[in-house]
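Notes to accompany the following structure.
Numbering (my numbering), first residue to last: 40 to 253.
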């Protein structure tokens, strides 16, 4: 018999644009352009960060994406089989944007090395584990979202030296920042590096973007 070859279509559920499209379907403000999704970063099946911005002063972009009692974001999470989503506020000021992208951790300061495109982010000791995230996930996604390498340092104003951890991974231009739909537990995180007196924080080289799963 004669076989008929049909065109093959490959659909990837790991692509960042899937998150963009789901929010566009679930959030009328995104569909209309009132809320813009400026960046998305994902570790498919685990966690995603998106950065949003409102084009109208009276519209809260994060609230619009979350929905009443979290209904909108929960619908997206369910479609992604439970992938947690941090929704953060985009800002043209890179210091502010990087601080936002580190959510749910609270940042005390951000210093930028424009030449090497490295951001040194300082956090208090109680926020350090949260900033790094389990296996470095939080800082890794923040880096992909912003496009900057990020080095996290423990801010000890009264200490002679600060604990420094290098967790900078360069974000893909496609990435976005965070506001967490589900709080990340601090207890599960483990700070990465012991105290290093006065040595610059090592910078983790950027990761290669993940290949979309067929």
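Where a beta carbon is used, it is the ideal one built from N, C-alpha and C, also for glycine.
Could you tell me which of the options sits nearest to residue i, measuring between CA atoms?
| i | options | result |
| --- | --- | --- |
| residue 154 | 139, 193, 160 and 187 | 187 |
| residue 173 | 195, 55, 44 and 144 | 144 |
| residue 137 | 183, 102 and 72 | 183 |
| residue 101 | 121, 129, 114 and 116 | 129 |
| residue 194 | 92, 152, 147 and 151 | 147 |
| residue 123 | 135, 133 and 142 | 142 |
| residue 96 | 68, 115, 89 and 44 | 68 |
| residue 111 | 45, 73, 61 and 159 | 61 |
| residue 133 | 55, 189, 70 and 72 | 189 |
| residue 73 | 86, 55 and 98 | 98 |
| residue 93 | 70, 87 and 156 | 70 |
Between the C-alpha atoms of residue i and residue j, what's the straight-line distance to the nearest angstrom?
| i | j | result |
| --- | --- | --- |
| residue 205 | residue 165 | In this predicted model, residue 205 has a pLDDT of only 45, less than 50, meaning its place in the structure is not dependable enough to derive any value. |
| residue 170 | residue 78 | 19 angstroms |
| residue 225 | residue 161 | Per-residue confidence for residue 225 stands at a pLDDT of 32, beneath the threshold of 50, marking its modelled position as unreliable; no derived number is given. |
| residue 59 | residue 76 | 7 angstroms |
| residue 131 | residue 119 | 29 angstroms |
| residue 192 | residue 64 | 39 angstroms |
| residue 126 | residue 104 | 8 angstroms |
| residue 52 | residue 116 | 13 angstroms |
| residue 47 | residue 56 | 20 angstroms |
| residue 158 | residue 149 | 7 angstroms |
| residue 140 | residue 90 | 8 angstroms |
| residue 168 | residue 151 | 22 angstroms |
| residue 121 | residue 45 | 34 angstroms |
| residue 86 | residue 156 | 24 angstroms |
Please report the residue range of the alpha helix (DSSP H) in which residue i lies.
| i | result |
| --- | --- |
| residue 33 | An answer regarding residue 33 cannot be provided, because it is not within the stretch 40 to 253 covered by the chain. |
| residue 69 | 67-71 |
Since residue i is in the beta strand (DSSP E), which residue starts that stretch and which ends it?
| i | result |
| --- | --- |
| residue 93 | 86-93 |
| residue 127 | 123-128 |
*If you scan the stretch 136-208 from start to end, which runs of the beta strand (DSSP E) of 3 or more residues do you find wholly inside it?*
Counting whole runs of 3 or more residues, the stretch 136-208 contains the beta strand (DSSP E) stretches 148-152, 157-162, 188-193 and 203-205.
*Does the stretch 75-92 touch the stretch 174-194, meaning 3 or more C-beta pairs lie closer than 8 angstroms?*
Counting C-beta pairs closer than 8 angstroms gives three or more between the stretch 174-194 and the stretch 75-92, which meets the contact rule.
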